[in-house]
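Chains as they are written, first to last, in the working numbering: chain W, 1 to 59; chain A, 60 to 354.
Virtual Cβ for every residue (Gly too), placed ideally from N, Cα, C.
Bear in mind the structure is a predicted one, so any value in this text is a computation, not a measurement.
Below is one structure, written out as structure tokens, with a few remarks after it.
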Amino acid sequence: MTKKGTCPSCYFEIEVNDDVILGEILECPDCSSELEIIEIKNDEVVFQIAEEVEDDWGE
Amino acid sequence: MHFTLICNKISWEEKEIIKAARKRNIEYDIILNHDLVLDLEKEHFDTDIFLQRSLSYFRGLYINAILENQGYRVINSFHCAQICGNKLLTTLELVKNKIPTPKAYCAFTKKGALEALENLGYPAVIKPIVGSWGRLVALLKDRDFAVAVLEDRETLGQLYHKIFYLQKYIWKPARDISEFVSTRDEPPRDIRVLTIGNEVITAMYRYEIKDDWRSTATLGARSKPCKVTPEMEKIALKAAKIVDGEILGLDLMETDNGYLIQEINHTSGFKAASWTTGTDIAGRIIEYLIKECKK
Chain W
1 MTKKGTCPSC YFEIEVNDDV ILGEILECPD CSSELEIIEI KNDEVVFQIA
51 EEVEDDWGE
Chain A
60 MHFTLICNKI SWEEKEIIKA ARKRNIEYDI ILNHDLVLDL EKEHFDTDIF
110 LQRSLSYFRG LYINAILENQ GYRVINSFHC AQICGNKLLT TLELVKNKIP
160 TPKAYCAFTK KGALEALENL GYPAVIKPIV GSWGRLVALL KDRDFAVAVL
210 EDRETLGQLY HKIFYLQKYI WKPARDISEF VSTRDEPPRD IRVLTIGNEV
260 ITAMYRYEIK DDWRSTATLG ARSKPCKVTP EMEKIALKAA KIVDGEILGL
310 DLMETDNGYL IQEINHTSGF KAASWTTGTD IAGRIIEYLI KECKK
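Okay, here's the thing in structure tokens:
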């Protein structure tokens, strides 16, 4: 089973595995934008452009 | 037991933690910190414990402050994050507790920083007090280079880039002091030690990256398993204790006089350590949360 969503940058339709997790990051296979999964519905996922790394990010 | 994972995004480590929780039928929630709105008087979270893994230092720190103020248990704690997320405060804590650490100075202007560098001697290292993954960490090989870097930071830096944290450069094993090249078959290295509770769970050597002087895993440093010695265990656990650290990644350096603690990471990445040593770190984290919830 897969879920589908649309890249907010290039509108490419992206298929993802059924076990995706909210907050997971992936790269749009068409435009290479880094995307974050912000909503998971039945067979649909919603993406937003992932946050840029800030100066205070790290471990 | 129910725990809540707080993070910026789901990286490899968070996925592993979630997998480990599912395997043990542990209930959890995920909070992505960028969309979080918190009432400073009272929030209601139906959870036993929070696992703070925010990549963003300041978000994580203030979320911890708010949650702990409202009586929630957070791992690692606000106090731990405050110290470990700031290299200057970490050094102060280590020095206060007589734990060996590289000599460091703090200065606020280029003039002051150059004076500190004369005391330290070249080469020396400049680091932002907040930040990670080797970002903006520079090896100052001589005065000219130091002037250039300091002027850049004074002109282009964020507010906290102008608090100059300057550290003595530690000559790593295999480093030729005169040539800055490796004298062994393998590149110079440091050690990452992972602790959970009052136990060292694994350690790995991290080797300097080709054409770089840093050995940061996220920059691509190669790693190998490292046998944990009693001396290593002693210094790592002592350092963990003084910062109230429960789940930590400590960076150790080897010297002729024993180990130094270089840095302590309170939201440590563990992909490289898991792959290198075969240790189920995510599983150990979940087991620790279960144990803490039973207390």
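When secondary structure is reduced to three states using DSSP, W57/W falls in the strand class. Within its own chain, the residues whose Cβ lies closer than 7 Å to the Cβ of S9/W, once the five positions on either side in sequence are excluded, are C28, C31, S33, I49, listed in chain order.
Our two residues, T160/A and C7/W, have alpha carbons roughly 48 Å apart in a direct line. Short of 6 Å from the beta carbon of H61/A, and not among the five residues preceding or following it, lie these beta carbons of its own chain, in chain order: E86, T106, D107. Listed in chain order, the non-local C-beta contacts of V208/A below 7 Å within the same chain comprise I185, A197, L199, local neighbours out to five positions each way being set aside. For the region 4 to 55 of chain W, the full-length beta strand (DSSP E) segments reaching 3 residues or more read 13 to 17, 25 to 27, 34 to 40, 45 to 49 along the chain. Rounded to whole angstroms, A124/A and F137/A show a C-alpha spacing of 6 Å.
By the beta-carbon neighbour count (other beta carbons within 10 angstroms, threshold 16), K68/A is buried.
Within the region 178 to 252 of chain A, the complete beta strand (DSSP E) segments at least 3 residues long are 183 to 186, 197 to 199, 223 to 227, listed from N- to C-terminus. Under the three-state reduction of DSSP output, Y87/A falls in the strand class. Non-local beta-carbon contacts of G256/A in its own chain, meaning distances under 7 Å to residues more than five positions away in sequence, involve E305, Y347 in chain order. Per DSSP, reduced to three states, the secondary structure at H138/A is helical. Identification of residues in the region 1 to 23 of chain W having a C-beta nearer than 8 Å to some C-beta of chain A yields I21, L22, G23, given in sequence order.
Close CB contacts of W272/A within its chain, under the 7 Å cut and outside five residues either way in sequence, are with L198 (chain order).
With a threshold of 16 other beta carbon atoms within 10 Å, N17/W falls short and is exposed. Within the DSSP bridge table, the entry for D310/A names R251/A, E322/A as partners. Of Q226/A, Y228/A, Y224/A, R281/A, the smallest CA-CA separation from I250/A is found for R281/A.
Looking from the CA of L35/W, the closest CA among D55/W, D43/W, L22/W, K41/W belongs to L22/W. For the pair R132/A and I122/A, the Cα-to-Cα distance works out to about 12 Å. The CB of V189/A comes closer than 7 Å to the CB of D56 in chain W, given here in chain order.
Here A298/A carries a helix assignment [DSSP, helix/strand/coil].
Under the criterion of beta carbons closer than 8 Å, A298/A and I323/A qualify as touching, at roughly 6 Å. Straight across, the Cα-Cα distance linking F204/A with Q111/A is about 38 Å. At a beta-carbon threshold of 8 Å, none of the residues of chain W lie near Q226/A; the nearest stands roughly 17 Å away. In the three-state reduction of the DSSP assignment, S274/A falls in the coil class.
Counting other Cβ atoms within 10 Å of its Cβ, P246/A reaches 16 or more and is therefore classed as buried. Note: P284/A is bridge-paired with M263/A in the DSSP secondary-structure output. Taking all protein chains in view, the Cβ of G328/A is crowded by 16 or more other Cβ atoms within 10 Å, so the residue is classified as buried.
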